[in-house]
Structure formats: C-alpha cells, structure tokens
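Here the structure comes first, spelled out in structure tokens, and everything after it is commentary.
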Amino acid sequence: MSKIKHHLTEPLLMGYAAGTLPEAFNVVVATHISMCDDCRAALAEYDAIGGEVMVSSDPVEVAEASLAATLALIDQGFADQDRPVRKSVGSIIPQPLQDYVDGDIDSLKWRKIGGGVSQLVLDTSADATVRLLRIPGGTAVPDHGHNGTELTLVLQGAFVDEQDRFGAGDVEVANEELHHTPVAEQGADCICLAATDAPLRFNGIVPRIAQRFIGI
Amino acid sequence: ADLAAKRMAWVAQVIAVRDGKDRAAFAELFGYFAPRVKSFLMKSGASPDLAEECTQEVMATLWNKAHMFDPTKASVSTWIFTIARNRKIDMLRKQRRPEPEELPWGPEAEPDQVDAMGLQQETEQLGRALATLPVEQRKLIERAYFGDLSHSEIAAETGLPLGTIKSRIRLALDRLRHAMK
Ligand SMILES: [Zn+2]
Ligand SMILES: [Zn+2]
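These protein sequences, in sequence, are chains A and B. Residues 1096 to 1311 in my numbering are what the first sequence spells out, letter by letter. Residues 98 to 278 in my numbering are what the second sequence spells out, letter by letter.
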C-alpha cells in the first residue's frame, strides 16, 4: 500500500475500540485499518485502554451457578458465530468490506445517481449510512456541506477538494464546518467508501431534488 | 518484572485452556474476569440478567477461541475486552461488527516469550497510568468506553463545555498512550 497521509481521528479510533460508533462508521474504520499499519497499531492501544478500563471497574457478583452454566455452554458446543474468512488478495476491496458486498468492483450492482457517478448502498444499521461511490476521472461531486460527520475512504484513484488530495487509503473526515466539492482525479475511476450520520447539504437545486431519490 | 507476574499467570492460564482444555485454569480466569465483564456490560446498559447471560457467552467464547490468542499481540485483559465488546455490540445493539483484515502470519510459529513479557509489562504500566489519572479525566475515559453517551450528551449532563470534555479526554489519552511506550 502506498503511503497514507490522511488517517482516522482519535475519537473515531476510540469509538471503534469502545464499540460506540454506528455500524456504517465501523465499516469505514475497519476497512481503513485493513489498509493502514499506523492506525492498526493505534487501535491496539485503544483496545488495551478498554481492557484496563474493564478490569479496573468494580466487579459485579455473578450468579452462583455461573461457572457451571458456562462450562455447560462449552460442553454443548456453544460457538460465537465465526465469520467466513475471505481472502482479499488481488482485490481493492479489503475483507471487512467484502463481508458487505457481493463480488468485485466490476461485478457489483452499481446504480447510477447522475453526473456519471454510481453508488452502492451497503446494508447496515439505520443510525448512519455507508455507500460505495464510483466517480469517473475528472468528474465532480456536487458541492455540499454536512449536517453531521462524513467519512470518505478512497479505495482506488484519488479525489481533490478544498482541503487536500486524497489517494488510495486516505480518509477524509468532514463535519459541519466543512463545505467542499470533491473532484475525481483524471485517470482511473475514483472508488471510495463514504459514510454519513446525517444528510448532506447540497447547494444546487438539481442535486437537492436528486437527493430525495438517492438518499445521500 | 513481578509487576507483570499476574498478567503472565493469565497468559499461562489461557494457554492451559488452549492446549490442555484445563478447567481449573479456566475457573481461575472466570473468577477474575467474569465479574468485571459483567460490570462492563451493566455499565454499558445491559440489565443484570442480560449481562449475566452475555458474560457466560463471553467466557465460553474465550474457551472456544483460546487457539487464536497470541500473547505477543494482546494481553489477556485486552483480548477479553475485545470479546466482551463484540458481544455487547451483537446483543445490545443488534449490529454486525466489521473487523479489520487479519495480518498474514509471520514466519514465527511459536510466540516469543520476551515479546509476550514486554507486552504484559506495557499493559501493566497502562493499568497503573489509568489508576493515577486525575479523577475527572478517568471518569470521562470510563464513560467513553462504557456508555453510548456522545460527547455532547456528556456535556449536557455534566454542564461542562464540549471543548473542556474533548480536551480532558485528549489529555488523558495522551498520558495513557505515553505509558505504553
Ligand atoms: Zn491510518
Ligand atoms: Zn462531503
């Protein structure tokens, strides 16, 4: 993986470790970590803090037969559902994302949403949404502001906005203060994973109308 | 070195469970961790009954996944926390938990004893750093891990400005992460 410049923020890493983020954000975080050794190392620290918070909390009495009941569970063959392990070798879709989509980039069920852009909305819990976006090189996403937090992780290609350039592995964290017009770089399609916990605020009338249909 | 002795004992117990299906070792782990897992789940919003059920499943998962435990990558407390957290997301929030892709295994088949010891010591230092944080910082860190409260909800409840909460959490995290270096 080429050098990643834009990483996850501290609150995102801590929220992911604590298990308090919406599922849609977890997808972006897990996918970025699959591509980024720095954030993987940072996450190990946040997990370790979680472990120490847990062991330092006042112990609560367990049921009298708790150990026996647990051993009975083990004897019955209780198993936490293991995910099937899929290899992402040779794919630009890291494994946590493969658990949500069926196939590789060109075989996905893309839906055109106007301006040459296609999307695929992933099935997650309703507190936030996450979608794959496919933006042809040179194409702009209509300028917009944000009502909440928007995470955009680049999987292929690159886009540029008022903040910086974002290449493969980079994640942009946008919030209420940011208004931007992402433009895909010339060349290969820019494919990114974008999560939002609130609708975007489009300026133009056409994207505002389209918004009702595409659900961004 | 004896700072990490208790933690190395937990490692030995997990390995005894892994290699020998050792029920006595499991009972030792259960005795220490089950009441703390249950506490974590209750502080995260589970009823006592649900927390009890969930704790038993967390500990059964420990047994089943003991073969995946690597003491050079995580201490026992960290590992059990991640199991409990995932169970919490599954049971309390009814959500799937996407996990990062596993790194490919390195050439070393047997975990290095020195690395394992080093990690247990770092975790012990982290535990001590957490215990010695100023109380208001520690409370915020605990709430961030236990509760589903957002920063703005904590602000509304405590009357502290959002900026103060964010900077206290940041300060606390800096100290904790520094303790692991
Ligand atoms: Zn990163
Ligand atoms: Zn945006």
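For every residue, glycine included, the Cβ atom is placed at its ideal position computed from N, Cα and C. Predicted model, so just to flag it, every value in this text is computed and none were measured.
Under the criterion of beta carbons closer than 8 angstroms, residue 120/B and residue 155/B do not qualify as touching, at roughly 17 angstroms. About 6 angstroms separates the Cβ atoms of residue 1151/A and residue 227/B, confirming a contact at the 8 angstroms cut-off. Counting only Cβ-Cβ distances below 8 angstroms, residue 267/B has contacts in chain A at 1105, in chain order. The DSSP-derived three-state label of residue 1287/A is strand. Annotation: residue 261/B is outside any beta strand (DSSP E); the continuous alpha helix (DSSP H) that includes it extends over 259-276. Per DSSP, residue 175/B is one residue of the alpha helix (DSSP H) stretching across 173-189. For residue 269/B, same chain residues with a beta-carbon under 6 angstroms away, outside a window of 5 residues either side, are 230, 234, 238 in chain order. Taking a beta-carbon distance threshold of 8 angstroms, residue 1298/A does not count as an interface residue toward chain B.
Here residue 1230/A is bridged, per DSSP, to 1285/A.
By the CB criterion at 8 angstroms, residue 1286/A and residue 273/B fall outside the cutoff.
Nearest C-alpha to residue 174/B among 139/B, 153/B, 211/B, 216/B: 216/B. Within the stretch 116-181 of chain B, the alpha helix (DSSP H) runs of at least 4 residues that lie entirely inside it are, in chain order, 120-140, 145-161. Taking 8 angstroms as the cut-off between beta carbons, the residues of the stretch 1197-1231 of chain A near chain B are 1219, 1220, in sequence order. The distance from the Cβ of residue 1122/A to that of residue 1191/A is about 6 angstroms, consistent with a contact at the 8 angstroms cut-off. In this structure, the straight-line span from the alpha carbon of residue 166/B to that of residue 109/B is close to 11 angstroms. Between ligand 1 and the CB of residue 1133/A, the shortest heavy atom gap is smaller than 7 angstroms.
The beta-carbon of residue 1190/A is placed less than 8 angstroms from the nearest beta-carbon of chain B. By the criterion of at least three beta-carbon pairs nearer than 8 angstroms, the stretch 1255-1264 of chain A is not in contact with the stretch 1214-1225 of chain A.
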